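Enquirer:
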Amino acid sequence: MTLTADARTSDGQAPPLDDIDGPSAPALHATRLTAGHVVLGAGFLLAAAIVSILVGPAGLPVGAVLAEVLSRLPLVHLHSGLSATGVVVVWQLRMPRMVLGGLVGAMLAIAGASYQGAFSNPLADPYLLGVASGAGLGAALVVVGAPVIGQIPSDLLPVAAFAGAVLAVAATFALGRSRASERSAASLLLAGVAVAAFFTAVQTFLLQRSSPGQLSTVYSWILGGLSTAGWGQVELVLPYVGTAMVVLLACRRLLDVMSVGDEEATSVGVRAERVRLVVIVAATLGTAAAVSVSGLIGFVGIIVPHTIRLLAGPSYRRILPLSVLFGAGFLILADLLARTILSPAEIPLGVVTAFLGAPFFLVVLRQARRLG
Amino acid sequence: MKRSWVRRFLASALTAAVVSVLLSSATSAAPAPAPQVAAARNAAAGSAFPVTVHSGDGNVTIPARPVRILCLSPSSTQMVYALGAGPQVVGVDEYSSWPADAPRTKFSGAETSAEDYLPLRPDLVILAYPGGTMVQQLRKLEIPVLVLPAATTFADVDSQLAELAAATGHLAAVGAVEASMNQDIAAAVRKAGSAARGESYYIEISPDYYTATSKTFIGAEFSLFGMRDIADPAGRLSAYPQISAEFILKTNPDYVFLADTVCCQQTPTSFAHRPGFSALAAVRLHHVLGVNDSVASQWGPHTIEAFVALIAQTLRP
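These protein sequence lines map, in sequence, to chains A and B. Residue 1 is where the first sequence starts when you use my numbering, and the numbers rise one by one after that. Residue 1001 is where the second sequence starts when you use my numbering, and the numbers rise one by one after that.
#1: Just by C-beta distance, which residues in the segment 75 to 95 of chain A are closer than 8 Å to chain B?
#2: Please list the partners that serine 292/A has in chain B, where partner means a Cβ-to-Cβ separation under 7 Å.
#3: If you drop the 5 nearest sequence neighbours on each side, which residues of the same chain put their C-beta closer than 6 Å to that of tyrosine 316/A?
#4: With C-beta atoms as the reference, is aspartate 1293/B less than 7 Å away from glycine 145/A?
#5: Is it buried or exposed, phenylalanine 355/A, if we count other Cβ atoms within 10 angstroms and call 16 or more buried?
#6: Give the residues from the segment 324 to 355 of chain A that approach chain B closer than 7 Å (Cβ to any Cβ), ordered along the chain.
#7: Mind reading off the beta-carbon distance from threonine 1112/B to glycine 1091/B? Whole number of angstroms is fine, and I expect it under 8 Å.
#8: With a threshold of 8 Å, are at least 3 pairs of Cβ atoms found where one atom belongs to the segment 76 to 95 of chain A and the other to the segment 107 to 123 of chain A?
#9: Please state whether DSSP places tyrosine 1210/B in a helix, a strand or coil.
#10: Assuming valine 65/A is part of the alpha helix (DSSP H), what are its boundary residues?
#11: Pick out whichever of Ala290/A, Ile347/A, Leu45/A has its Cα sitting closest to the Cα of leucine 100/A.
#12: Any chance you could list the alpha helix (DSSP H) runs of at least 4 consecutive residues sitting entirely within the segment 1135 to 1207 of chain B, in chain order?
#13: Taking any Cβ of chain B, which residues in the segment 254 to 272 of chain A have a Cβ under 8 Å from it, in chain order?
#14: Please list the partners that glycine 1276/B has in chain A, where partner means a Cβ-to-Cβ separation under 8 Å.
#15: Whose Cβ in chain A lies nearer than 8 Å to the Cβ of arginine 1236/B?
#16: Which same chain residues, not among the five before or five after alanine 42/A, have their C-beta less than 7 Å away from its C-beta?
#17: Just the chain A side, please: which residues come within less than 7 Å of isoleucine 1243/B by C-beta, in chain order?
#18: Does the contact criterion of 3 or more C-beta pairs under 8 Å hold for the segment 282 to 302 of chain A versus the segment 73 to 81 of chain A?
#19: Out of Ser1055/B, Gln1088/B, Ala1192/B, which one is the CA nearest neighbour of alanine 1150/B?
#20: So what's tyrosine 1081/B in DSSP terms, helix, strand or just coil?
#21: Using a C-beta to C-beta distance shorter than 7 Å, which residues of chain B count as neighbours of glycine 230/A?
#22: In or out: glutamine 1136/B buried (at least 16 other Cβ within 10 Å) or exposed?
#23: Where does threonine 307/A sit, in a helix, a strand or coil, going by DSSP?
#24: Taking 7 Å as the CB-CB cut-off, is alanine 58/A touching chain B?
#25: Nearest CA to the CA of valine 1291/B: which residue from His1302/B, Val1256/B, Ser1097/B?
#26: Please compile the residues from chain A whose C-beta is within a distance smaller than 9 Å of the C-beta of glycine 1206/B.
#27: Under 8 Å between beta-carbons, which chain A residues line up against leucine 1285/B? List them in chain order, please.
In structure tokens form, the structure reads like this:
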């Protein structure tokens, strides 16, 4: 904790360096990301990543796996003694699964935090504007349509899920805009609820006419998981998730300004509607890419930002970067639980995050009520 | 401010939920298929009616020999036709693929409103996984309903055959059907000999590694050959657990059967291309076989005989 930075901010005298080129929020809270926070978050992520690489049903010796990983670092010459299969397990199965889990967790957490900021609503999550129902419909269309259209490779599913998610949020935007002359956050949210209901209805209709095999394929995708993760999926989502994170992180100060209300933000020169649009587009594209490979993993976008908010205060300059680190670490750990609790059987990842998330959500709800 | 937000959000979510429930139930009214008349009325009485048989949820009394059977489970359809009760059947579900000339309907067998079935005027409905309160509804309409859930052993298959024989009036045929099935199984096991005793297998139900343990009817088919299911250690909570690519690499099964060729277009080639799988013994020895998905979801005599013969053929080409 660098107390000096906090003290300077609460003075209101000398603004922190990262505020010079942006509008400054009312300095009621400590707002600046401290080195302590970053070290804590990075340490958590690193620990989660290491444990997840070391543990798995293949029961590889821990020392050999560590040596194998370290041997790929420059200037390190180690012989792990792992068999060829062991090397494949580490580099082709555990490593991409851990990296993909980290990317998806980071994306869902920062998207959830950004939505909460953009809508000033503590219950907002990345699926608020229809991403989940759109992606679900896309997945269902591919699975149910496969026998009709002909032989469709299963790697069309992520593309369809992505397209469905983007389409659903675009529909929410179009409807939310036409409903009121001004695009208020409220009308957007309501349009999101309506679009989600509509897309879910179409998906339910499709699934009801599908065969049990198709039903279980879509259902297992909806539950979410990383059981088929490979480097191909990492390459698929990295450009979207990477860009989305950079854009959202760049908006962190603007979200702080907007937290005092649209009118107040406008009075200091922030165009709240425009910021909201940028944040939503970035969060949506990133989330759509993430769910297209991982399925619908719930509650990460709620649990992680709220934990950070409770521990590090309400400033988005802290919440957004820390959401990336803790979101990644949280999902890597959740996936570790999903594949070890009943090992060698797996539990759907969405079940693990919801099992941890649902009780947490109730706490957040109580907190929100007390604040309101 | 925040409190009203919560309330509005919850209220609209609730409305959306109600709307989606209404929409989805509205879609469950499947179009009624054209009634099919039984081609022949077999007068040969195999048993005395009324007869009481054991259903999945208690005893069912069938007052008279049924002549308008609605059979909405592919496995039961195979049994009913094998027993010679085919001419009494007026409709089968859309997934009943054997025999090819069975009167297929658009029903899935999971309908939730008994009214859907009324146009066919059934006097016996056979289901595996009844939807909602279907059984209670049919009882109120005084239509006998027989629930025969998934078999997990060959004994289950035999007892379902016996229940169906009694219910349809073909008790005399049970012995012959069971004998024919047992003969086919014995011939397959004889053909394979000791080729696969102790060999391990992985049966894939979906590409995200859902599988079946030996505690399922398909596992029982492999057990006949003395084969070992790699998924058994994962079967503590479910007989159809999800395992992982890592576990498959570790256990390195001798044989792989892909029962996700229809749902998910998997092939031995796509299997071999998964990360690290080219090193699997089954891949190197070409012991990866794509099979119809139904082998893992249908326990009728036709499916069992065909699949057991296929296993024998794979073990001893």
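Glycine included, C-beta positions come from ideal geometry on N, C-alpha and C. Source: prediction; values computed, not measured.
Expert: By the coordinates alone:
#1: Ala84, Thr85, Val88, Val89, Gln92, Leu93, Arg94
#2: Those do not exist, as serine 292/A stays about 15 Å from chain B at its closest Cβ, beyond 7 Å.
#3: Gly117, Arg252, Leu255, Asp256
#4: no
#5: Exposed.
#6: Arg339, Leu342, Pro344, Ala345, Glu346
#7: That pair is no contact at about 17 Å.
#8: no
#9: strand
#10: Looking at the DSSP string, the run of the alpha helix (DSSP H) that includes valine 65/A is 62 to 71.
#11: Ala290/A
#12: 1154 to 1168, 1174 to 1192
#13: none
#14: Thr85, Val88, Val89, Gln92, Leu93
#15: Leu342, Ala345
#16: Leu325
#17: Pro344, Ala345, Glu346
#18: Result no; under three Cβ-Cβ pairs closer than 8 Å.
#19: Ser1055/B
#20: Reduced to three states, the DSSP call for tyrosine 1081/B is helix.
#21: Pro1275
#22: exposed
#23: helix
#24: yes
#25: For the residues His1302/B, Val1256/B, Ser1097/B, the minimum Cα distance to valine 1291/B belongs to Val1256/B.
#26: This sequence places serine at residue 1206/B; glycine is not what is there. Near serine 1206/B (Cβ distances below 9 Å), the residues of chain A are Gly213, Ser216, Thr217, Ser220.
#27: Within chain A, no residue comes near leucine 1285/B; the closest Cβ sits about 16 Å away, beyond 8 Å.
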